[in-house]
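Respectively, the protein sequence lines represent chains A and B.
Going by the numbering used here, the first sequence opens with residue 1183, and the numbers climb by one from there.
Going by the numbering used here, the second sequence opens with residue 94, and the numbers climb by one from there.
All residues carry an ideal CB built from backbone N, CA and C; glycine is no exception.
These notes are about the structure you will find just below.
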Amino acid sequence: MGGERVKIFIVGGGKEVDFLVQSLLHKKNKIVVINNREAECLAISHAHNVQVLCGDATKCFILEDAGIKEGDLIIALVKKDFDNFVICQLAKKVFGVKRTFSIVSNPKNVDVFKKLGITTVVSSTYILASVIEQMAAVSEVINYLPIGEGKLELIEISLSNFHKICAKKLADISFPANCIVGCVIRNGNVIIPHGGTILQSGDKLTILASVESREDVVKALTLVNK
Amino acid sequence: MFGIGNKQRRMTRKYYLIIGCGRLGATLANMLSLKGKEVIVIDEDKASFRKLPAEYSGFSIEADGTDIDVLESAHIMRAEYIFAVTDNDNANITIAHIAKKIYDVPNTVARIYDTDKEVIMQDEDITTIYPTKLSLSEMKKLLLWEGKE
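Here it is, written out as structure tokens:
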């Protein structure tokens, strides 16, 4: 599967298309964009060196004009799930495109569309939900205790795989000023950490920080992967 | 989650589902209801139900007929017939595919205007009605009679 140029068709979408085109072009793929809104078409063609066709991709003649017969992959990103379905089906059954991708707004349609023969189906709601879950998991695990006449704060945080600082050496983590990692509780044992201590999932960190730097500390601690 | 037709369910299939209460949908619904069938009409716009005459005795649901939760609440697993007759070809195509391939509705019918989309309706055991084709064949009949005038 090395280095073959793939011809990709992207249909619809808003701002995501810009990002997609950029990242796909990077890999030297051939990209054709089909969009029904003239303003968006102009914006995309000005920003990127790609072919842009303005039209309704649920119409056979538009897909044909776009040269879909040589397509390897079609990515359907229009608003209505049923429009994405038809775009993928036309590409597959009329024009022989082997791989079809559709975004769906109703998460139930992920299973439905897969059963109906669309190669890959993604629900934006599912992705959002898992990001929220990640964030909730992260924010639940912080405890605060004010000490030192209200000038200091003891911040306790339990690490999980989500946290960026997990699996890092303490010396490699850029903590904000005015804070220090006092101790690490790991499997019931208290560790007084040094620069070479590598943080693990499940570790409970106790951090001493000035009240003013609490926000920065929490931000630095709760950076998540991805 | 999906209603898979097993023997027992097939034997008790009785609903007639009509998705889209336009002129066609409303007329169909009323006709079936007058014949004593159990009819459920679904349309996103409740104003469309005004097309149903007073004697219509079936159900009407104001909802999105392309949503499988809506279809399930309209008993699609026990539907004998489903008519996808919204004003949108793409919605009708999707509804018909869902009805046939996921719920195995014995008689799945869709009204499609764009004849170019024929290929995706073929070999799916879905009955597709193309008004353009029907109109053309009626007009052809008229043209053949013209010579006899």
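Own chain, CB closer than 6 Å to A/N1218, minus 5 neighbours either side, in chain order
As a position in the first sequence, residue 1218 of chain A is number 36, starting the count at 1. Excluding sequence neighbours, A/N1218 sits near D1238.
Look at the alpha carbon of A/L1352 and the alpha carbon of A/T1301, and state the distance between them as a whole number of angstroms.
Indexing the first sequence from 1 puts residue 1352 of chain A at position 170. Indexing the first sequence from 1 puts residue 1301 of chain A at position 119. Each residue's Cα considered, the two are about 44 Å apart.
Closer than 7 Å at the beta carbon, the chain A residues around B/H190:
Here the question's residue 190 of chain B lines up with position 97 in the second sequence. One finds L1298 in chain A with Cβ atoms closer than 7 Å to the Cβ of B/H190, taken in chain order.
How many whole angstroms separate the CB atoms of A/L1387 and A/V1366, which I take to be in contact at a CB cut-off of 8 Å?
Position 205 of the first sequence, counted from the start, is the residue given in the question as residue 1387 of chain A. Position 184 of the first sequence, counted from the start, is the residue given in the question as residue 1366 of chain A. Right, the Cβ-Cβ distance comes to about 6 Å (below 8 Å), so this counts as a contact.
Could you tell me the alpha carbon to alpha carbon distance between A/D1200 and A/E1222, rounded to whole angstroms?
Taking the first sequence and counting its residues from 1, the one referred to as residue 1200 of chain A is at position 18. Taking the first sequence and counting its residues from 1, the one referred to as residue 1222 of chain A is at position 40. Straight-line Cα distance between these residues: approximately 10 Å.
Could you check the C-alpha separation between A/S1383 and B/I154 for me, to the nearest Å?
On the first sequence, residue 1383 of chain A is found 201 positions in, with the first residue counted as 1. On the second sequence, residue 154 of chain B is found 61 positions in, with the first residue counted as 1. Using only the alpha carbons, I get a separation of about 51 Å.
Is the Cβ-Cβ distance between A/A1273 and A/I1256 less than 8 Å?
Position 91 of the first sequence, counted from the start, is the residue given in the question as residue 1273 of chain A. Position 74 of the first sequence, counted from the start, is the residue given in the question as residue 1256 of chain A. Result yes, Cβ atoms of A/A1273 and A/I1256 sit closer than 8 Å.
Go ahead and pull the three-state DSSP assignment for A/G1184.
To locate residue 1184 of chain A, count along the first sequence from 1; it is residue 2. Because the pLDDT of A/G1184 is 46, which lies under 50, any placement of that residue in the model is unreliable, and the number read from its coordinates should be weighed accordingly. Reduced to three states, the DSSP call for A/G1184 is coil.
Rounded separation between A/K1275 and B/D207 - CA only:
As a position in the first sequence, residue 1275 of chain A is number 93, starting the count at 1. As a position in the second sequence, residue 207 of chain B is number 114, starting the count at 1. Roughly 16 Å separates the two Cα atoms.
B/E155, DSSP secondary structure in three states
Indexing the second sequence from 1 puts residue 155 of chain B at position 62. In this structure, B/E155 counts as strand in the three-state DSSP scheme.
Verify the CB distance criterion: does A/Q1204 have a CB-CB separation below 8 Å to chain B?
The residue labelled residue 1204 of chain A in the question sits at position 22 within the first sequence. Chain B, which has no Cβ nearer than 8 Å to the Cβ of A/Q1204, makes this no.
Is it buried or exposed, A/P1375, if we count other Cβ atoms within 10 angstroms and call 16 or more buried?
Your numbering for residue 1375 of chain A matches position 193 in the first sequence. So A/P1375 counts as buried.
On the three-state DSSP scale, how would you describe A/N1217?
Mapped onto the first sequence, residue 1217 of chain A falls at position 35. A/N1217: strand per DSSP, three-state reduction.
When we look at the beta-carbon of A/V1372 and count the other beta-carbons within 10 Å, is it buried (16 or more) or exposed?
Your numbering for residue 1372 of chain A matches position 190 in the first sequence. Counting Cβ neighbours within 10 Å, A/V1372 comes out exposed, since fewer than 16 surround it.
Nearest candidate by alpha-carbon position, reference A/I1324, set A/G1332, A/E1338, A/E1331, A/A1311:
Residue numbering aside, residue 1324 of chain A sits at position 142 when the first sequence is read from its first letter. Taking only the C-alpha atoms, the option nearest A/I1324 is A/E1338.
8 Å is my cut-off, CB to CB: does A/G1184 come that close to chain B?
Residue numbering aside, residue 1184 of chain A sits at position 2 when the first sequence is read from its first letter. In this predicted model, A/G1184 has a pLDDT of only 46, less than 50, meaning its place in the structure is not dependable; the value taken from the coordinates is given anyway. Chain B contact via Cβ: absent.
Would you kindly work out how many angstroms separate the C-alpha atoms of B/E165 and A/Q1204, rounded to a whole number?
Within the second sequence, numbered from 1, the residue matching residue 165 of chain B stands at position 72. Within the first sequence, numbered from 1, the residue matching residue 1204 of chain A stands at position 22. Whole-angstrom Cα-Cα distance: 41 Å.
Within 10 angstroms of its Cβ, does A/G1332 collect 16 or more other Cβ (buried), or is it exposed?
Sequence index remark: in the first sequence, residue 1332 of chain A carries index 150 (1-based). Exposed is the call here.
Start and end residues, alpha helix (DSSP H) containing A/Q1204:
Position 22 of the first sequence, counting from 1, holds the residue named residue 1204 of chain A. 1197-1208 is the span of the alpha helix (DSSP H), which, as asked, contains A/Q1204.
Run the CB neighbour count on A/L1224, radius 10 Å, all protein chains shown included, and call it buried at 16 or more, exposed below.
Stepping through the first sequence from its first residue, residue 1224 of chain A is reached at position 42. The residue is exposed, with fewer than 16 neighbouring Cβ atoms inside 10 Å.
State the start and end residues of the unbroken alpha helix (DSSP H) segment that holds A/C1270.
Locating residue 1270 of chain A in the first sequence gives position 88, counting from the first residue. That run of the alpha helix (DSSP H) goes 1263-1271.
Which residues of chain B have a Cβ atom closer than 9 Å to the Cβ of A/F1264, listed in chain order?
Within the first sequence, residue 1264 of chain A is the residue found at index 82, counting from 1. Under the 9 Å cutoff, chain B gives T159, N181, N183, A184, N185, I186, T187, I188.
State yes or no: is the C-beta of A/T1282 within less than 8 Å of the C-beta of A/D1265?
As a first step, residue 1282 of chain A must be located in the first sequence, where it is residue number 100. As a first step, residue 1265 of chain A must be located in the first sequence, where it is residue number 83. Not in contact: A/T1282 and A/D1265 (Cβ atoms no closer than 8 Å).
Using DSSP with H/G/I as helix, E/B as strand and the rest coil, what is A/L1405?
In the first sequence, residue 1405 of chain A corresponds to position 223, counting from 1. A/L1405 falls in the coil class under three-state DSSP.
Whole angstroms is fine: what's the gap from A/L1405's alpha carbon to A/I1347's?
Position 223 of the first sequence, counted from the start, is the residue given in the question as residue 1405 of chain A. Position 165 of the first sequence, counted from the start, is the residue given in the question as residue 1347 of chain A. Using only the alpha carbons, I get a separation of about 8 Å.
How about B/V212: is its C-beta nearer than 8 Å to some C-beta of chain A?
Start at 1 with the first residue of the second sequence, and residue 212 of chain B comes out as number 119. Yes, its Cβ sits closer than 8 Å to a Cβ of chain A.
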